[in-house]
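Written out below as structure tokens is the structure these notes cover.
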Amino acid sequence: MKRVIEKTININDYLKQLLFSKKDIHLLKMEKRIKVNNNLVLSDIFLNENDILEIDVIKDEEIDKTPLVQDLKILYEDDFVLVVDKPIGIIIHDDGNKDTITLDNLIAGYYHSTNQKHRILHVHRLDKETSGCILYCKQSYLISYFDYCIANNLIERDYLALVTGIINKEMIINKKIGKDRHFNNKYRVSNSGKLATTFIKPIQQQKNTTLIKCRLKTGRTHQIRVHLQAIGHTIIGDTIYYGKKHDRLMLHAYKLSFIHPITNKQITVESKIN
772 MKRVIEKTIN
782 INDYLKQLLF
792 SKKDIHLLKM
802 EKRIKVNNNL
812 VLSDIFLNEN
822 DILEIDVIKD
832 EEIDKTPLVQ
842 DLKILYEDDF
852 VLVVDKPIGI
862 IIHDDGNKDT
872 ITLDNLIAGY
882 YHSTNQKHRI
892 LHVHRLDKET
902 SGCILYCKQS
912 YLISYFDYCI
922 ANNLIERDYL
932 ALVTGIINKE
942 MIINKKIGKD
952 RHFNNKYRVS
962 NSGKLATTFI
972 KPIQQQKNTT
982 LIKCRLKTGR
992 THQIRVHLQA
1002 IGHTIIGDTI
1012 YYGKKHDRLM
1022 LHAYKLSFIH
1032 PITNKQITVE
1042 SKIN
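The numbering of the sequence shown is my numbering, which starts it at 772 and goes up by one.
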């Protein structure tokens, strides 16, 4: 990571602006990973206009999940991030059952088979029944950046859903979501829940169904599913929320867009669905 300094600033303050945590700033110095004008920085200094700051965020780390090698569709990859196409029927991370296969295990298997040494750091999640784009951070020094992006809705996540009924206009659904106390695995619209916003755009109507695009402003568990059920348009195959039976949940995370922490360029990745 290289940055040209625009004005005088304390190096710690500048690194915080780059979203490094206090702990990471300390480790970067201790591991001699920071240079200013090609000189190592080990202490608290001031950066001046036109200084060249270089930060080495790439390091080998032990894979911290059990590797499992299976076919995995890679949508985007560089030294810092990985975007994969999650298949349906698989959870992202460990649920306490040691026999459960997770996407984290498959990522560990991919790293192992390609001689990469990274911790397994998923940036966000998808439901077990949902397919599509999932972002992983390869470098632990960058996970605080992605945590900030998620918390501040800076990662755009777009979905395709096939729902019951006809939707013929764009909508913004603002409904709070909380746990359904009657069912362990369900959520519901609740005045005491957390704020949730979903943008809906109809794409195609056929018979008594509508193909829609959904964009999340927030990322609550089951958000799209709960919001669509609340307005009377359940997703086809969503039997948890009283949808019609189908061979799969008709919800697919087809597009992911984020600002790359190193290049500052927008990365947009798409996953096609059959």
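By construction, the Cβ of each residue, glycine as well, lies at the ideal position given by its N, Cα and C atoms. Quick caveat: nothing in here was measured; it's all calculated off a predicted structure.
Extent of the continuous alpha helix (DSSP H) run through residue i
i, result
"isoleucine 943", "Run containing isoleucine 943: none in the alpha helix (DSSP H); it sits in the beta strand (DSSP E), 942-945."
"tyrosine 1013", "Taken as a continuous stretch (DSSP letters only), tyrosine 1013 belongs to no alpha helix (DSSP H), as it is neither H nor E."
"tyrosine 1025", "Run containing tyrosine 1025: none in the alpha helix (DSSP H); it sits in the beta strand (DSSP E), 1022-1030."
"isoleucine 914", "914-922"
"isoleucine 1002", "Run containing isoleucine 1002: none; DSSP gives neither H nor E here."
"isoleucine 782", "782-788"
Contact belief for residue i with residue j at Cβ below 8 Å, rounded distance in angstroms
i, j, result
"tyrosine 882", "valine 894", "At roughly 16 Å, the Cβ-Cβ gap does not stay under 8 Å, so tyrosine 882 and valine 894 are not in contact."
"leucine 999", "valine 934", "6 Å"
"lysine 778", "glutamate 820", "6 Å"
"asparagine 876", "proline 838", "7 Å"
"isoleucine 796", "leucine 925", "Their Cβ separation, rounded to whole angstroms, is 21 Å, which puts isoleucine 796 and leucine 925 out of contact at 8 Å."
Host beta strand (DSSP E) of residue i (start-end)
i, result
"histidine 1017", "First-last for histidine 1017: undefined, no H or E at that position."
"leucine 982", "980-987"
"phenylalanine 970", "968-977"
"leucine 933", "927-935"
"lysine 773", "773-775"
"arginine 959", "958-960"
"lysine 950", "948-950"
"threonine 779", "Where threonine 779 is concerned, there is no enclosing beta strand (DSSP E), given that its DSSP letter is neither H nor E."
"isoleucine 1038", "1037-1041"
Proximity of residue i and residue j at Cβ, strictly below 9 Å
i, j, result
"isoleucine 782", "aspartate 815", "yes"
"isoleucine 1038", "leucine 1022", "no"
"leucine 824", "valine 855", "no"
"glutamate 900", "arginine 1019", "yes"
"threonine 1010", "glutamine 994", "no"
"valine 852", "leucine 897", "no"
"serine 902", "lysine 857", "yes"
"isoleucine 878", "leucine 846", "no"
"glutamine 977", "isoleucine 938", "no"
"isoleucine 983", "isoleucine 944", "no"
"glycine 964", "isoleucine 948", "yes"
"valine 807", "aspartate 822", "yes"
"glutamate 723", "histidine 889", "Here the chain covers residues 772 to 1045 and nothing more, so residue 723 does not appear."
"arginine 959", "valine 997", "yes"
"lysine 946", "proline 973", "no"
"phenylalanine 817", "isoleucine 780", "yes"
"leucine 786", "leucine 799", "yes"
Given residue i as reference, the closest of the options once Cα atoms are compared
i, options, result
"glutamate 802", "Leu786, Lys830 and Leu818", "Lys830"
"valine 840", "Ser911, Ile1030, Lys1026 and Ser884", "Ser884"
"leucine 966", "Gly990, Ile983 and Asn979", "Gly990"
"tyrosine 930", "Gly949, Cys920 and Cys904", "Cys904"
"valine 1040", "Lys806, Ile1033, Asp795 and Ala1024", "Ala1024"
"isoleucine 921", "Ala932, Leu1027 and Ile862", "Leu1027"
"serine 911", "Ser792, His1004, Asn979 and Ile780", "Ser792"
"isoleucine 1044", "Leu798, Val775, Lys800 and Ile859", "Ile859"
"phenylalanine 954", "Tyr919, Gly1008 and Tyr1012", "Tyr1012"
"leucine 789", "Ser961, Lys957, Asp918 and His1017", "Asp918"
"lysine 956", "Thr871, His864, Thr992 and Ile1033", "It is asparagine, not lysine, that sits at residue 956 in the sequence shown. Closest option to asparagine 956, Cα to Cα, is Thr992."
"isoleucine 1033", "Gly880, Lys909, Lys794 and Gly867", "Lys909"
Practice task
Jot down the residue ranges of each uninterrupted beta strand (DSSP E) in the stretch 874-910, minimum 3 residues, whole runs only, in chain order.
Solution key: 902-908
Problem - Unbroken stretches of the alpha helix (DSSP H), 4 residues or longer, contained in the stretch 802-878 - result: none
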